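**Student:**
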Amino acid sequence: MAREAGVSPATVSRVLTGSKPVSAEPEQRVRAAVARLGYRPNPAAQGLLRGTTSAVGVVVPDLSNPYFAEVLKGVTNAAQHADFRTLVADTGEKAGAERDAALELSRWADGIVLCSPRMSQWELTELASAVPRLVCVNRRSRGSRIPAVAVDFEAGVASICRHLRELGHRRVAYLRGPSRAWSERARQRALRTAGGPDLEIVQIPCGSSSVDGHRAADVALASGATAVMAFSDYVALGALARFDELGVAVPEEISLTGFDDIALSRLVSPRLTTVTVDKQDLGRRAWQLFIDSGADGRTGSTVEVMPELVVRGSTAAPTAAGSIEREIVHER
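Be aware that the sequence shown starts at 1, since it is given in my numbering, and climbs by one per residue.
#1: Exposed or buried, which one is Met306 when buried takes at least 16 other CB atoms within 10 Å?
#2: Assuming Thr274 is part of the beta strand (DSSP E), what are its boundary residues?
#3: Compare the Cα-Cα distances from Trp108 to each of Gln280, Ser54, Val303 and report the closest residue.
#4: Let's test the definition: count the other Cβ atoms within 10 Å of the Cβ of Ala79 and tell me whether it reaches 16, buried, or not, exposed.
#5: Return the Cβ separation of Arg171 and Val202 in integer angstroms, given the expectation that the two are a contact with Cβ distance under 8 Å.
#6: Helix, strand or coil for Val131 per DSSP?
#7: Classify Asp296: buried if its beta carbon has 16 or more other beta carbons within 10 angstroms, exposed otherwise.
#8: Is Trp122 buried or exposed, if buried means 16 or more other CB atoms sit within 10 Å of its CB?
#9: Less than 8 Å separating the beta-carbons of Arg187 and Ala95?
#10: Quick check on this structure: which residue in Arg185, Pro205, Ser106, Thr257 has the alpha carbon closest to the alpha carbon of His163?
#11: Candidates Asn138, Ala217, Pro197, Gly57: which alpha carbon is nearest Gly168's?
#12: Can you give me the start and stop residues for the alpha helix (DSSP H) that Ala239 sits inside?
#13: Find out if the Cβ-Cβ distance for the pair Val56, Leu72 is shorter than 8 Å.
#14: Does DSSP classify Trp182 as helix, strand or coil?
#15: Let's see if you can read the secondary structure: which residues bound the beta strand (DSSP E) around Leu199?
#16: Mind pulling the alpha helix (DSSP H) runs of 4 or more residues that sit fully within the region 53-103?
#17: Bridge partners for Asp260 per DSSP, in chain order?
#18: Do Ala148 and Val135 have their C-beta atoms closer together than 8 Å?
#19: For Glu123, name the three-state secondary structure that DSSP assigns.
#20: Can you tell me whether Glu333 is buried or exposed? The criterion is at least 16 other CB atoms within 10 Å of its CB, across all chains shown.
#21: Tell me Ile112's beta-bridge partners as DSSP assigns them.
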């Protein structure tokens, strides 16, 4: 490039990076050489010179889950406004893969946004000390300075339990999420508080995918529950498909709820009663924490997001012939 433009390599660097002013004539020669050669700067090489990559790594448990796709979109859109690229790794719900994925991405990024990590607190603390910056989504870390944005899952589950209790349900099957998920532990705390003589919670091992929900639906029906509460909308949609296969009417024969309010929950029939949270906003907030975390990557800040109950057509009183759809929040 320098030979083509008839200038020094330092001059080429100054023109392309804008680090120092260059007189008009040599700058024009460099620009012309760039056009002739079709030159494209190497971001990695530029990052080495600047001491920054202008990239953020995002690690998710399952990119096929619409929830994480929306969070990723929020991070990506916000990062683009700051001229940052987004690098993504999907760990396939394997806790052991999270650390390796985060460390690998951190070689090419200025830090990591870690979505719903399944690793232990000790592993998370170790990881935080090994990457330049670390921000968590849906994982609070007591006693550490890892910034995080998290949904108040306990409040969301409590609102679902109140709704089902008010409808008259007294036996509810809960399709459990991944045992290592922080959000599942938060749900369990809410269920312990909500359960009692007037609301029995039957715990059914499940998972986080629609396939898991489909597989667990038969067990939920066999439990004698009049309502099924799923770990997420994604799980609930799998259960709904299985109920349809079995000819079990929702909500006439059994009520069904989800969590997260993914787009599909508003498109199925009946539309899914769920808890809504703005997933892209979680990503935007995580990005802001990433930027605010500074050079040492630690602020200790935790942003808590309150979800809201949306009642739709998938829940009704146990003996009702049908249900009347009510909206607790306006549809977006």
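We put the CB at the ideal spot given by N, CA and C, even for glycine.
None of the values given here were measured: they were computed from a predicted structure.
**Tutor:** With the given structure in hand:
#1: exposed
#2: 274-276
#3: Ser54
#4: buried
#5: 7 Å
#6: coil
#7: With a pLDDT of only 49 at Asp296, under 50, the local geometry of the prediction cannot be trusted, and the value read off the model is given with reservation. Exposed, since its Cβ has fewer than 16 Cβ neighbours within 10 Å.
#8: exposed
#9: no
#10: Thr257
#11: Pro197
#12: 233-246
#13: no
#14: helix
#15: First-last for Leu199: undefined, no H or E at that position.
#16: 66-81
#17: Thr276
#18: yes
#19: helix
#20: No statement about residue 333 is possible, as the shown extent of the chain runs from 1 to 332 and does not include it.
#21: Gly57, Leu134
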